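Report on the following structure.
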Amino acid sequence: MKTLTLLRHAKSGWDDPVARDFDRPLNAKGKRAAAMVGRHMRSLGLAFDHAIASPAVRVSETLEQIESGYGRTIAPTLDRRVYLASAATLLDVVHGFPAEVESALLVGHNPGLEDLVLMLVADGADPLRDAVEDKYPTASIAELQFDGEWASIATGTARLTRFIRPRDLDPTLGPDAD
């Protein structure tokens, strides 16, 4: 069984005067949320054989904070295809994961991550999927499991086993307009 964990970058600072969206940094709330999610990942014993991330500044800063709480270095491969990618592009990235990888982390942006979850997990009476469909907030994690190989994951073939939002860990971390 393969496990794919999707992490949306933490809350970024829209009031920071950067020339490009790519360069937007995290704000203080985003840093706090990412560190808390990292601590929660550690408490769950999550581990990854492979990690891919968008090279955007807010993703790199999210990973720094996640690692501070997680207590481990993740050291993802940065892949420009993940920056603001559609679900179809993200699925292409996943299809390219090495066959020997059992548990992978993909760190990126919305709406692509949310759309990928909704594509891979069949619609039905699943409260976790319904929560993702309602909103995939910043610094949230969705964990999917499926049988088969990375190259064969397709629409409706995954099971959503976790959906963790920062506000589930600390109510002061949400919700707001993100």
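Count the sequence shown with the numbering used here and you get residues 1 to 178, in order. Where a beta carbon is used, it is the ideal one built from N, C-alpha and C, also for glycine. Just so we're clear, the structure is a prediction, and the values are computed from it rather than from any experiment.
Collapsed DSSP secondary structure at residue i in the structure displayed
{"i": "LEU239", "result": "Residue 239 lies beyond the residue range present for the chain, which begins at 1 and ends at 178; the question has no answer from this structure."}
{"i": "GLY38", "result": "helix"}
{"i": "SER86", "result": "coil"}
{"i": "ALA177", "result": "Below a pLDDT of 50, predicted positions are generally treated as unreliable, and ALA177, at 45, falls in that range; the measurement from the model is reported next regardless. Coil."}
{"i": "THR77", "result": "strand"}
{"i": "ILE164", "result": "strand"}
{"i": "LYS135", "result": "coil"}
{"i": "ALA122", "result": "coil"}
{"i": "ALA28", "result": "helix"}
{"i": "THR3", "result": "strand"}
{"i": "ILE52", "result": "strand"}
Top-ranked residue by Cα proximity to residue i, from the options
{"i": "ALA104", "options": "ASN110, VAL94, ARG80 and HIS9", "result": "VAL94"}
{"i": "ARG20", "options": "GLY156, TYR83 and GLY148", "result": "TYR83"}
{"i": "VAL59", "options": "GLY45, ARG42, LEU26 and HIS40", "result": "LEU26"}
{"i": "ILE52", "options": "VAL101, ARG162, PRO137 and VAL37", "result": "VAL101"}
{"i": "ARG167", "options": "PHE97, LEU4, LYS135 and VAL18", "result": "LYS135"}
{"i": "MET1", "options": "HIS50, PHE163, ALA158 and ARG162", "result": "ALA158"}
{"i": "ALA56", "options": "GLN145, ASP147, ASP23 and ALA10", "result": "ASP23"}
{"i": "THR99", "options": "ALA47, ILE153 and LEU116", "result": "Checking the displayed sequence, the identity of residue 99 turns out to be Ala instead of Thr. The residue with the shortest Cα to Cα distance from ALA99 is ILE153."}
Under 9 Å between C-beta atoms of residue i and residue j
{"i": "ARG8", "j": "GLY69", "result": "no"}
{"i": "GLU61", "j": "LYS31", "result": "yes"}
{"i": "GLU114", "j": "VAL132", "result": "yes"}
{"i": "LEU44", "j": "LEU106", "result": "no"}
{"i": "THR179", "j": "SER12", "result": "With the chain represented from 1 up to 178, any question about residue 179 goes unanswered, as that position is not in the structure."}
Endpoints, beta strand (DSSP E) assigned at residue i
{"i": "GLU236", "result": "The displayed coordinates of the chain run from 1 to 178. Any statement about residue 236 would go beyond what the structure contains."}
9 Å Cβ cutoff, residue i in contact with chain D
{"i": "VAL37", "result": "Here chain D cannot be found, since the structure has a single protein chain."}
First and last residue of the uninterrupted alpha helix (DSSP H) at residue i
{"i": "SER68", "result": "57-70"}
Check whether the segment 71-81 and the segment 119-134 are in contact - that is, three or more C-beta pairs closer than 8 Å. Put simply, the segment 71-81 does not touch the segment 119-134. Fewer than three CB pairs are less than 8 Å apart.
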